[in-house]
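Novice:
In our numbering, the protein residues as written are 16 to 523.
Shown next as structure tokens:
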């Protein structure tokens with residue numbers, strides 16, 4: 016075993032205590048099939064009288080559901096072997112104990128595969144010191160063959176023994192007794208399955224079909240890239256957020272040249288690893304020519320957005336609906352002038368120093384009450400882009416509905432400004448343009464939230480809201496709100512209300 020692989024193996028074992036998954040693995044390893052049979056009240060389960068495949072899946076789901084509360088993850092882990100082409104064969108089982116034991120072993124393997132990406136790098140290691148070669152070797156041993164996997168199991172067992180961990184089994188292959196597949200596909204599909212599970216653990220999305228097209232070397236590089244990217248992104252967020260007394264960007268603090276420089280060091284590691292994530296669209300841009308990987312400019316803009324989101328979170332937690340005027344203006348300036356800041360940063364060699372200078376400049380502008388000079392169209396694009404980044408697939412499960420609604424309100428407020436600024440040139444087409452822009456915007460937002468099909472309900476929901484609003488104005492005597500002067504705002508409000516209703520319905 017190489018020194019790189021030895022270091023990574025030790026790191027996995029040393030970090031075991033940092034994840035609740037270890038306790039779950041430990042608990043399952045200490046239970047045999049008979050104990051699980053009693054726990055699940057399966058005393059009457061018999062191969063001759065029951066469907067063994069149904070029982071297998073029932074046991075597997077029960078064990079995983081106790082460890083994963085996220086329905087999407089649970090569904091993925093239940094279905095992943097089938098997606099890879101493996102099928103359970105009930106003829107492989109000779110007893111109920113075999114069925115329960117095999118399901119237990121698969122659950123243990125899945126827990127290990129979900130834990131490995133998190134454990135393989137210590138959270139205290141700086142990104143420029145990540146043991147990339149060791150991680151690549153670990154992944155390679157895990158995937159190359161049954162023999163290489165057996166060597167890795169032996170190395171891990173020795174490492175656990177040396178740390179006094181004696182009763183935990185490291186068995187990372189989820190394809191055990193009962194599963195069958197064409198022999199010519201077995202190795203490649205096991206590799207794809209192992210990769211998918213570890214990629215899912217990183218919370219990055221991936222294209223399953225493209226994973227199946229990767230050769231052995233490609234899938235090793237891909238999985239390694241996902242792991243490195245997850246840790247680099249997490250480190251970037253941690254460097255911005257800080258911990259304990261070390262919170263360099265805790266308003267009104269804006270860091271210093273050194274802390275800003277460290278952000279770019281981490282960003283560089285993230286960019287380099289993201290280039291190898293060919294099955295993930297996270298760090299790519301879409302155009303008529305297809306998807307292209309982000310370059311320095313896009314990653315720099317991403318960093319500015321992450322810093323802005325951090326200050327936005329501070330504002331939300333500390334002030335809620337009330338406003339800290341200076342902080343609120345600082346956030347608006349960073350949001351609306353992200354492109355200008357990015358352009359200046361990509362042209363300098365002193366990235367850390369320049370970023371600190373930019374943050375300090377905008378802090379002073381906010382202190383002086385200086386408002387950003389920006390066209391309504393630009394504001395609309397910036398807010399929509401910000402929403403897109405805010406609800407990207409890898410954070411969608413942790414963002415609250417209230418935050419999404421606040422973002423939606425901002426987008427539709429911007430639509431009012433866009434239409435009003437061009438009302439004279441639009442003339443009689445103003446209302447039609449407003450409806451088209453509202454519908455297109457709503458559709459894009461629903462797609463971002465993975466509920467694009469709900470767009471079919473938007474017209475009637477929006478119409479209902481518009482009618483109810485009109486009745487409310489009439490009943491309260493506020494007839495001036497029904498004048499033609501306010502018609503554009505009423506159209507936008509109806510669409511915003513309809514979209515808000517659909518988002519809340521889908522989230523429930």
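Beta carbons are placed, not taken as given, at the ideal position from N, Cα and C, and that holds for glycine.
Bear in mind that the values here come from a model prediction, so they are computed numbers and not experimental data.
How should residue 33 be labelled, buried or exposed, when 16 other C-beta atoms within 10 angstroms of its C-beta is the threshold for buried?
Specialist: It counts as exposed.
Novice: Looking only at DSSP bridge pairs, what is residue 363 linked to?
Specialist: Its beta-bridge partners do not exist; DSSP assigns none.
Novice: Determine the DSSP secondary structure at residue 194, reduced to helix, strand or coil.
Specialist: Strand at residue 194.
Novice: State the start and end residues of the unbroken beta strand (DSSP E) segment that holds residue 305.
Specialist: Here the beta strand (DSSP E) through residue 305 covers 305-308.
Novice: With 16 other CB atoms within 10 Å as the buried threshold, where does residue 369 fall?
Specialist: Buried, because 16 or more other Cβ atoms sit within 10 Å of the Cβ of residue 369.
Novice: Going along the chain, which residues of its own chain have a beta-carbon closer than 6 Å to the beta-carbon of residue 238, five neighbours each way excluded?
Specialist: Counting only Cβ-Cβ distances below 6 Å, and skipping sequence neighbours, we find 154, 210, 213.
Novice: Closest to residue 532 by C-alpha separation, out of 383, 229, 367, would be which residue?
Specialist: Any answer about residue 532 is impossible in this case: the structure gives the chain only from 16 up to 523.
Novice: Terminal residues of the continuous alpha helix (DSSP H) containing residue 437?
Specialist: It is not in any alpha helix (DSSP H) - residue 437 carries neither H nor E in the DSSP assignment.
Novice: What are the residues that DSSP puts in a beta bridge with residue 300?
Specialist: 307, per the DSSP bridge assignment.
Novice: Quick one: grab the DSSP three-state call for residue 464.
Specialist: If DSSP states are grouped into helix, strand and coil, residue 464 belongs with coil.
Novice: Where does the unbroken alpha helix (DSSP H) through residue 272 begin, and where does it stop?
Specialist: First-last of the alpha helix (DSSP H) with residue 272: 272-289.
Novice: Suppose you measure from the CA of residue 508 to the CA of residue 476; what does that come to, to the nearest Å?
Specialist: When rounded, the distance between both Cα atoms is 12 Å.
Novice: In the DSSP output, which residue or residues are listed as bridge partners for residue 261?
Specialist: Note: residue 261 sits in a beta bridge opposite 258.
Novice: Bridge partners of residue 102, per DSSP?
Specialist: For residue 102, which the question treats as bridged, DSSP gives the partners 195.
Novice: For a test of the three-state rule: what should DSSP assign to residue 170, helix, strand or coil?
Specialist: Helix at residue 170.
Novice: Can you find at least 3 beta carbon pairs, one from the segment 249-257 and one from the segment 180-193, that sit closer than 8 Å?
Specialist: At 8 Å Cβ cutoff, the stretches do not touch.
Novice: Looking at C-alpha atoms only, which residue of 84, 78, 121 is the closest neighbour of residue 95?
Specialist: The residue with the shortest Cα to Cα distance from residue 95 is 121.
Novice: Is it the case that the Cβ atoms of residue 118 and residue 74 are separated by a distance below 8 Å?
Specialist: Result yes, Cβ atoms of residue 118 and residue 74 sit closer than 8 Å.
Novice: At the level of alpha carbons, what is the spacing between residue 230 and residue 394?
Specialist: Rounded to whole angstroms, residue 230 to residue 394 spans 45 Å at the Cα level.
Novice: Exposed or buried, residue 527, counting other C-beta atoms within 10 Å across all chains shown (16 or more means buried)?
Specialist: Any answer about residue 527 is impossible in this case: the structure gives the chain only from 16 up to 523.
Novice: Can residue 114 and residue 145 be called in contact, C-beta distance under 8 Å?
Specialist: No. Outside cutoff.
Novice: Taking buried to mean at least 16 other C-beta atoms within 10 Å of its own C-beta, is residue 261 buried or exposed?
Specialist: Looking at its Cβ environment, which holds fewer than 16 other Cβ atoms inside 10 Å, residue 261 is exposed.
Novice: May I ask you to report which of helix, strand or coil DSSP gives residue 229?
Specialist: Three-state result, residue 229: coil.
Novice: Can you tell me whether residue 139 is helix, strand or coil according to DSSP?
Specialist: Correct three-state label for residue 139: coil.
Novice: Shortest alpha-carbon distance to residue 78 belongs to which of 43, 49, 88, 292?
Specialist: Checking every option, the nearest Cα to that of residue 78 belongs to 43.
Novice: Once the 5 residues before and after residue 124 are set aside, which same chain residues still bring their CB inside 8 Å of it?
Specialist: So the qualifying residues of the chain are 186, 187, 188, 189, 191.
Novice: If we call anything under 8 Å between Cβ atoms a contact, is residue 135 one with residue 150?
Specialist: It is a contact, given that the beta carbons lie within the stated cut-off.
Novice: Classify residue 320 as buried or exposed, calling it buried when 16 or more other Cβ atoms lie within 10 Å of its own Cβ.
Specialist: It is buried - the Cβ of residue 320 has at least 16 other Cβ atoms within 10 Å.
Novice: Check whether the segment 216-236 touches the segment 265-275, taking contact to mean three or more Cβ pairs, one atom from each stretch, closer than 8 Å.
Specialist: No: the two stretches stay apart, fewer than three of their Cβ pairs being nearer than 8 Å.
Novice: Can you grab the Cα-Cα spacing for the pair residue 392 / residue 81, in whole Å?
Specialist: Between residue 392 and residue 81, the C-alpha separation is close to 49 Å.
Novice: Taking the alpha helix (DSSP H) that residue 266 falls in, what are its first and last residues?
Specialist: No alpha helix (DSSP H) holds residue 266; DSSP gives it neither H nor E.
Novice: Taking all protein chains shown into account, decide if residue 175 is buried (16 or more other Cβ within 10 angstroms of its Cβ) or exposed.
Specialist: Per the 10 Å Cβ criterion, buried.
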